[in-house]
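Each residue of the sequence shown is one higher than the one before, starting from 11 at the first, in the working numbering.
Below is one structure, written out as structure tokens, with a few remarks after it.
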Amino acid sequence: MVQAAPFLLVLFLALGAHGHSTEKVPSGLGCTGQGGQEAVAADPSSGFPPLQCILTGTWVNDLGSNMTIKIVNTNGDFTGIYRTAVSATKERIKESPLLGYQHLPNPLSQPTFGFTVNWSFSDSITVFTGQCFVDDDGKEVLKTMWLLRSRVENIKSDWKA
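Written out as structure tokens, the structure reads:
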């Protein structure tokens, strides 16, 4: 049990830890809102619809971990890659595939989503769930929670997973 604690602490920090935010990395013209406009906080009295929070793109958290989400299809399915900045394993950190789904109640919302990362360099999988927001400054921010499951040798070691 003593050996698991440092591993879990480092992994907790590596994956963004509960309560941390992830911000989108601007590309080209920056984040887009309705009709390709640059993301600027909408004034509710302006009559314009609220800005979209678009999952597609590259996201970086405050620990330096990053993920790139490819196109979200019309069903809300998406794929991408995740690269953690910190790990407790002695293996070289590698980009890892992710597969996810975005809830699509309407195209102008700040959507909920979930995705799974199948770590390429360790025997574990992490599931994330969260919501994409546009803050008061017009920046897109992901708020997530996650759950990690590591492989163990047998059921008696399940508590380590």
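Note that CB positions come from ideal geometry on N, CA and C, so glycine has one too.
Small disclaimer: the values here were computed from a predicted structure and weren't measured.
Which stretch, first to last residue, makes up the beta strand (DSSP E) that contains residue i?
i	result
ASP87	87-93
TRP69	67-71
PRO107	106-112
ILE76	The amino acid at residue 76 is misidentified as Ile; the sequence shows Asn. Taken as a continuous stretch (DSSP letters only), the beta strand (DSSP E) holding ASN76 covers 76-79.
Taking Cβ positions, are residue i and residue j nearer each other than 7 Å?
i	j	result
ALA95	LEU109	no
PRO107	HIS113	no
GLY90	MET77	yes
ILE81	LEU65	no
Can you have a look at residue i and say buried or exposed, based on whether 16 or more other CB atoms are within 10 angstroms of its CB?
i	result
GLY57	The pLDDT assigned to GLY57 is 49, lower than 50, so where the model puts this residue is not dependable; a value taken from the coordinates is nonetheless given after this. When all chains shown are included, GLY57 counts as exposed.
ASN71	buried
Going by C-alpha to C-alpha distance, which of the options sits closest to residue i?
i	options	result
TYR92	SER130, LYS170 and SER160	SER130
THR136	ASP147, GLY67 and MET155	MET155
THR99	LEU157, ASP133 and LYS170	ASP133
TRP69	ARG161, ASP147, VAL35 and ARG159	VAL35
Less than 8 Å between the CB atoms is what I'm expecting for residue i and residue j, so what's the real figure, rounded?
i	j	result
PHE143	VAL151	5 Å
GLU33	LYS166	About 42 Å; that fails the 8 Å criterion.
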